[in-house]
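Enquirer:
In the working numbering, the protein residues as written are 615 to 916.
Following this line, the structure appears as structure tokens:
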């Protein structure tokens, strides 16, 4: 099986030796899980990133196979999908937490929200899906240790200055200090929910049951964070900074109206997430994308 070089590079950069081992035994793992769950015609999706994901058949049913290096994010995803139980999300058909295997419902027609051209329409659909997911987001206390804590993600920002020998590297100092100053207030928000955690246009797909989410991270924290990944996607729109700012302002207006949140709350979470996203790229030895530019634009919104 020919895997994309970008996928191989990502797995090695992010997971180091564990990633190399995973890639080495991946064909055997695919054979093992295919026998176990009765899968045929396993074909990798074209946009592989941090896990191996493939289209497959189980009898006459079209399914999605997802396999990764066992880690807390995969465990959290499985737990979230079990909790949602197909309400607002794809169904989890089979799973093996210890091995990092998931068998998922294949959504049809499966059009990504990113494929729609009207951004107002996209944003309104995303708001509908977000409201539905957050309606399910009251976490059962015994399950909390199965989910990712948003506070742990943002604690990572404390590594920036040590990483750059006391400086801020590619992060404008004013921007980083601004985010650091308002994060305590954002985390003081008592509206804490179980969130998708990577809620954006490529993780919202059309189906016979309406627009549904895939690939939830399963993150517990203030509900406002959910707008962050949505605000910075799709990446291609950043090429024209002026147009991106106009689009961002329009999205803030729609989300504020639909979610009932203050504009400042949305803008601050969008800015904070963009900074965090940029730091993750640096930490994972990946090329820094447009996240810092996005954060600077968001920080200027009113």
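Just so it is clear, CB atoms sit at the ideal spot from N, CA and C, and this is done for glycine as well.
Of the residues 659, 625, 811, which one's Cα is nearest the Cα of residue 633?
Expert: Here the closest residue by C-alpha is 625.
Enquirer: Could you please give the first and the last residue of the uninterrupted beta strand (DSSP E) stretch that includes residue 669?
Expert: Looking at the DSSP string, the run of the beta strand (DSSP E) that includes residue 669 is 666 to 672.
Enquirer: To the nearest angstrom, how far is the alpha carbon of residue 805 from that of residue 873?
Expert: Their backbone Cα atoms lie some 13 Å apart in a straight line.
Enquirer: Output the distance between the C-alpha atoms of residue 617 and residue 789, rounded to the nearest integer angstrom.
Expert: Whole-angstrom Cα-Cα distance: 38 Å.
Enquirer: How close, in whole Å, do the beta carbons of residue 774 and residue 783 come, if the pair is a contact with beta carbons under 8 Å?
Expert: Confirmed, Cβ separation roughly 7 Å.
Enquirer: Note the first and the last residue of the continuous beta strand (DSSP E) segment covering residue 654.
Expert: Its beta strand (DSSP E) spans residues 653 to 658.
Enquirer: Please go through the same chain and pick out, in chain order, the residues whose beta-carbon is closer than 8 Å to the beta-carbon of residue 673, but skip the five residues on each side of it.
Expert: Closer than 8 Å at the Cβ level, and outside the excluded window around residue 673, lie 652.
Enquirer: Going by C-alpha to C-alpha distance, which of 695, 689, 708, 669 sits closest to residue 657?
Expert: Considering only alpha carbons, the answer is 669.
Enquirer: Mapping the DSSP letters down to three states, classify residue 813 as helix, strand or coil.
Expert: Reduced to three states, the DSSP call for residue 813 is coil.
Enquirer: Can you give me the start and stop residues for the alpha helix (DSSP H) that residue 879 sits inside?
Expert: Where residue 879 is concerned, the enclosing alpha helix (DSSP H) stretches over 877 to 897.
Enquirer: Here's the rule I'm using: 16 or more other beta-carbon atoms within 10 Å means buried, otherwise exposed. How should residue 760 be labelled?
Expert: It counts as buried.
Enquirer: Checking 7 Å against the spacing of the C-beta atoms, do residue 720 and residue 677 come in under that value?
Expert: Their beta carbons are under 7 Å apart, which means residue 720 touches residue 677 by this criterion.
Enquirer: In terms of residues, what are the limits of the beta strand (DSSP E) holding residue 715?
Expert: Residues 715 to 719.
Enquirer: For residue 828, does the three-state DSSP call read helix, strand or coil?
Expert: Correct three-state label for residue 828: coil.
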